[in-house]
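Note sheet for the following structure.
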Amino acid sequence: MRIEIPEKINNIINIYEQNGFEAYCVGGSIRDSVMGIEIGDWDITTSALPQETKELFKDEKIIETGIKHGTVSIIKDHEAIEVTTFRIDGEYSDNRHPEQVSFTRNLSEDLKRRDFTVNALAYSHRTGLVDLYGGLSDIEEKIIRTVGNAEDRFNEDGLRIMRALRFAATLGFTIEEETKKAIHKQKDLLKNISVERISVELTKLLMGNNAFNILMDFPDVFSVLIPEIEPCINFKQHGKKHAYDVWAHICHTVDTIPNDKILRITMLLHDLGKVPTHKLNENGDSTFKNHATVGGEMAKEILTRLRFDKKTINRVSFLVSHHDFEPPETKIELKKKMKVLTPEDIRTLLIIKKSDRGALSESYRDISKGTERVLMWLKEIEENNECVTIGQLKINGNDLIKLGFRNDEIGKKIDFLLDCVIEEKVPNTKQALLSFLS
351 MRIEIPEKIN
361 NIINIYEQNG
371 FEAYCVGGSI
381 RDSVMGIEIG
391 DWDITTSALP
401 QETKELFKDE
411 KIIETGIKHG
421 TVSIIKDHEA
431 IEVTTFRIDG
441 EYSDNRHPEQ
451 VSFTRNLSED
461 LKRRDFTVNA
471 LAYSHRTGLV
481 DLYGGLSDIE
491 EKIIRTVGNA
501 EDRFNEDGLR
511 IMRALRFAAT
521 LGFTIEEETK
531 KAIHKQKDLL
541 KNISVERISV
551 ELTKLLMGNN
561 AFNILMDFPD
571 VFSVLIPEIE
581 PCINFKQHGK
591 KHAYDVWAHI
601 CHTVDTIPND
611 KILRITMLLH
621 DLGKVPTHKL
631 NENGDSTFKN
641 HATVGGEMAK
651 EILTRLRFDK
661 KTINRVSFLV
671 SHHDFEPPET
681 KIELKKKMKV
691 LTPEDIRTLL
701 IIKKSDRGAL
711 SESYRDISKG
721 TERVLMWLKE
731 IEENNECVTI
741 GQLKINGNDL
751 IKLGFRNDEI
761 GKKIDFLLDC
771 VIEEKVPNTK
781 QALLSFLS
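All letters in the sequence shown, in the order written, are residues 351 to 788 by our numbering.
The following block contains the structure:
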């Protein structure tokens, strides 16, 4: 098997080999090359010690990225290429980082410390593919399997649990049985991992085409990350419109929403407010009054706890709190909603509603007619610049002050006039609005 390596990467490997060292591309770049998918970063592993690397590339800019653990970065064409010395990891006392590492000249010692077989592949043009742990076979069979004993690998680094789930979700792989058992057994190791790292892995996982299966198979793991998920698991929704329990419904909506970070996170969190608001009506059907508002507050708290950026927190919590949006029956009703919702908001909420309704019983799923109607009205409103906000009114607070209105009365009258314009009771002209008030 020959793998195409970028010229600048191959040149670095050649320099090592010409000076008596071994060097290989390793890890994800080789996995992705074998799978024929786009390569992110190319990492190099070598038998050369960090100081030997610095000497070999003394004419290049070198950054001591993590020299304590054997990693330096060689700067080529403004790109940092990480090179790590073959190493053996010491004890992992914090379930995340080895207390110390020792360097080795033996590639097999380096590969056996890696997390999964599909990431324990190395390659150079001189040697070809080095596959000591069945990584190539696991790629062909679409399996995520740890290198060696699964419990040992996860005890060393708890983040590997999230990486296993993320790889399975993004690559479309299944998780090997012993690896799966270890994930369930050791899920609480994730409590020792920084929330920032958890958030990065969770986001990547949610963007995977196989996210649905991972969410459905590992709800106990996701409950460690977000405890608010646990009550939703197997929580029955009574009534003929419901097809799934709350957690299964959530998983189906994540699966059907477009592959967008904000939308996927929104669907993961959108119905967490159902359990605390659940009641049964006189017919024995489930009701969830104000669950969207409650869920929006929960989403804000969860994403803040997981240290997401403020833009994501605000947008997701807003969308969760408004996700019960129903396509208006009339254009006037739509315009009134646009007093607080932008056209972008409405278009996004329609996408959310489609996925949300798509995870109900079959007879409740189709909202295509309502969506088409709303999108047509939105286009008309935007093209004709129809008045839907206070800023578009041809009258303002100063005009009302001149008429003798004061304080809270001004805001109430402005809002009243906006409703009258929307309801087509008065044209949106200054003269007409002033006359309407007199």
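All residues carry an ideal CB built from backbone N, CA and C; glycine is no exception.
Do residue j and residue i have their beta-carbon atoms positioned less than 8 angstroms apart in this structure?
| i | j | result |
| --- | --- | --- |
| Ile600 | Phe568 | no |
| Gly420 | Thr435 | yes |
| Ser788 | Lys591 | no |
| Gly522 | Lys492 | yes |
| Val545 | Arg614 | no |
| Ile425 | Lys404 | no |
| His620 | Val670 | yes |
| Asp460 | Arg503 | no |
| Val497 | Lys530 | no |
| Leu479 | Ser458 | no |
| Glu578 | Met512 | no |
| Lys703 | Phe668 | no |
| Ile740 | Lys780 | no |
| Pro400 | Val376 | no |
If I follow the unbroken alpha helix (DSSP H) through residue i, where does it start and stop?
| i | result |
| --- | --- |
| Glu732 | 718-733 |
| Thr627 | 624-627 |
| Thr553 | 545-556 |
| Arg768 | According to the sequence provided, residue 768 is Leu. The question's Arg does not apply to it. Run containing Leu768: 758-772, per the alpha helix (DSSP H) assignment. |
| Val574 | 569-575 |
| Glu683 | 681-687 |
| Glu528 | 527-535 |
| Leu618 | 611-619 |
| Pro400 | 400-406 |
| Ser785 | 780-787 |
| Gly747 | 747-752 |
| Gln368 | 357-368 |
| Met512 | 509-521 |
Give me the DSSP bridge partner(s) of residue i.
| i | result |
| --- | --- |
| Ser452 | Ile438 |
| Gly416 | Thr421 |
| Ser636 | Leu630 |
| Phe466 | Thr496 |
| His592 | Leu710 |
| Ala430 | Ile425 |
| Gly645 | Its beta-bridge partners do not exist; DSSP assigns none. |
| Gly478 | Ser474 |
| Thr662 | Paired residue(s): none; Thr662 is not in a bridge. |
| Thr603 | DSSP output for Thr603 lists no bridge partner at all. |
Near residue i, what residues of its chain come up, given a Cβ to Cβ distance below 8 angstroms and the 5 sequence neighbours on each side ignored?
| i | result |
| --- | --- |
| Thr743 | What sits at residue 743 in the sequence shown is Leu, not Thr. Answer for Leu743: Cys737, Ile764, Leu767, Leu768, Val771, Asn778, Leu783, listed in chain order. |
| His475 | Arg352, Ile355, Asn360, Ile363 |
| Val625 | Pro581, Cys582, Phe585, Val596 |
| Arg697 | Leu725, Leu728 |
| Tyr374 | Ile363, Ile394, Thr395, Thr396, Leu457, Ala472, Tyr473, Ser474, Thr477, Val480 |
What first and last residue would you give for the beta strand (DSSP E) that runs through residue i?
| i | result |
| --- | --- |
| Leu471 | 471-474 |
| Tyr483 | First-last for Tyr483: undefined, no H or E at that position. |
| Ala373 | 373-376 |
| Thr396 | 393-396 |
Whose C-beta lies closer than 7 angstroms to the C-beta of residue i among residues of the same chain, with five residues either side of it excluded?
| i | result |
| --- | --- |
| Gly720 | Pro677 |
| Lys586 | Asp595 |
| Ile365 | Leu406 |
| Met385 | Ile489 |
| Glu732 | Pro693 |
Please return the same chain residues whose Cβ sits closer than 6 angstroms to the Cβ of residue i, not counting the five positions on each side in sequence.
| i | result |
| --- | --- |
| Ile353 | Ser383, Tyr473 |
| Asp488 | Thr467, Val468, Arg495 |
| Leu728 | Pro693 |
| Thr603 | Met617, Ser705, Asp706, Ala709 |
| Ile564 | Leu515, Ala518, Ala519 |
Under a CB-based cut-off of 8 angstroms, is residue i close to chain D?
| i | result |
| --- | --- |
| Asn584 | The chain labelled as chain D is not found in the depicted structure, where only one protein chain is given. |
message: Taking 8 angstroms as the cut-off, does the segment 535-552 touch the segment 644-651 (at least 3 CB pairs, one atom from each stretch)?
response: no
message: Under 8 angstroms: do the segment 542-560 and the segment 597-611 share three or more Cβ pairs, one atom per stretch?
response: The segment 542-560, when compared against the segment 597-611, does touch it at the 8 angstroms Cβ threshold.
field: Inter-stretch contact at 8 angstroms, needing at least 3 Cβ pairs: the segment 621-641 / the segment 658-667
entry: no
message: Tell me whether the segment 425-433 and the segment 389-408 touch, counting them as touching only if at least three CB pairs, one residue from each stretch, are closer than 8 angstroms.
response: yes
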